[in-house]
Amino acid sequence: MSQELFNIKGKVALVTGSTHGLGMAMAMGLGKAGAIIIVNGNSSQEKIDNAVVEYQKAGITAAGYKFNVADEDEVIANIKKIEIEVGNIDILVNNAGIIKRTPLAEMEVKDFRQVLDIDLVSPFIVSKHVVMGMIERKEGKIINICSMMSQLGRNTVGAYAAAKGGLVMLTKNMATEWARFNIQVNGIGPGYFSTSQTAPVQVDGHPFNEFIVNRTPAAKWGDPDDLAGAAIFLGSKASDFVNGHILYVDGGILATIGKPSNEQ
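This note's numbering puts the first residue of the sequence shown at 59, with every later residue one more than the last.
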């Protein structure tokens with residue numbers, strides 16, 4: 059019975075921004091649990107094709123679709139293609155996003171708007187057009203990838219934090235409007251994870267590495283695979299009465315004010 063709660067075998071899961079990084083880690087987790095993975099990206103078809111091969115090597119059924127999640131026309135066209143070529147989308151993970159590390163007083167308005175467009179507006183666009191089918195079928199799972207930065211501030215990430223804070227409230231409002239159709243909308247808030255992007259600062263003695271290790275009760279960076287369980291839980295029947303919740307996967311950072319500098 060407990061295993062059946064987490065059974066997502068044969069479910070179609072669209073994971074935006076899933077050609078690499080945390081998006082790929084969550085999609086891998088869903089795929090290894092039996093879901094059919096729709097790989098999305100917007101940089102190049104070659105990168106999508108290479109990612110699909112990686113999923114297939116892991117024994118996962120996967121198909122790739124290149125489209126810009128912030129372009130409504132492209133989203134509509136590709137959702138129709140996915141539904142025809144693969145099947146109805148049962149699980150949507152809105153993961154695609156960008157960050158621009160610029161102090162707010164120095165940031166161009168166009169750059170601020172671009173971050174909001176991709177990190178906040180695109181989850182609205184994709185969800186709006188995926189949820190139509192979910193409403194018809196009276197079931198579906200939407201997972202918005204938020205961030206600890208929806209709860210905390212940090213220098214140079216003001217636009218990103220504003221977008222992720224907005225995504226938390228968008229998640230709650232989606233849940234409010236769509237729960238009556240047996241659709242659950244929740245979020246995952248990752249902490250600091252070990253990826254190719256963070257590798258340059260993950261060395262002993264680097265100030266930011268020391269900051270993260272000392273700031274995190276788990277005393278380490280997260281492994282991307284640590285996100286798989288959260289994605290499977292929120293994509294399965296196990297979360298059927300969980301709605302509008304943000305599950306922070308952060309090693310305990312948000313649970314503490316931090317330890318004194320002289321604490322061993």
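No residue lacks a Cβ here, since even glycine has one placed at the ideal position from N, Cα and C.
Check whether the Cβ atoms of V97 and T77 lie closer than 9 Å to each other. With respect to the 9 Å criterion, V97 and T77 are classified as neighbours on the basis of their beta carbons.
8 Å CB neighbourhood of E132 in its chain, flanking five on each side removed: F125, N126
Ignoring anything shorter than 3 residues or poking outside the segment 244-308, list the beta strand (DSSP E) runs there in chain order. 304-307
Tell me the rounded alpha-carbon separation between D281 and A237. 32 Å
Who are the Cβ neighbours of T160 in its own chain at under 7 Å, not counting the five residues just before and after it? D169, T214
Assign A93 to one of three DSSP states: helix, strand, or coil. A93: coil per DSSP, three-state reduction.
Buried or exposed: K199, going by 16 or more other Cβ atoms within 10 Å of its Cβ? buried
Tell me whether A120 sits in a helix, a strand or coil according to DSSP, three-state version. strand
Start and end residues, alpha helix (DSSP H) containing I134: 130-143
Would you mind reading off the limits of the alpha helix (DSSP H) that contains G223? 216-236
If you run the structure through DSSP and keep just helix, strand and coil, what is A83? helix
With DSSP run on the structure shown, which of helix, strand or coil describes N108? helix
Whole-angstrom distance between L292 and L63, CA atom to CA atom: 11 Å
Enumerate in chain order the residues of its own chain whose CB-to-CB distance from N202 is below 6 Å, with the five nearest sequence positions on each side excluded. N152, P181, L225, T229, G245
Spatially closest choice to A135 from L162, E104, V188, by CA coordinates: V188
Write down every uninterrupted run of the beta strand (DSSP E) in the segment 144-228 whose length is 3 residues or greater and which is fully enclosed by it, in chain order. 149-152, 198-203
Beta-carbon contacts of V307 that lie in its chain and below 8 Å, excluding the five residues immediately before and after: I246, G247, P248, G249, G280, D284, L285, A288
Drop a sphere of 10 angstroms on the beta-carbon of Q255, count the other beta-carbons inside from all chains shown, and report buried for 16 or more, exposed for fewer. Per the 10 Å Cβ criterion, exposed.
State the Cα-Cα distance for the pair P258 and S252, rounded to the nearest angstrom. 10 Å
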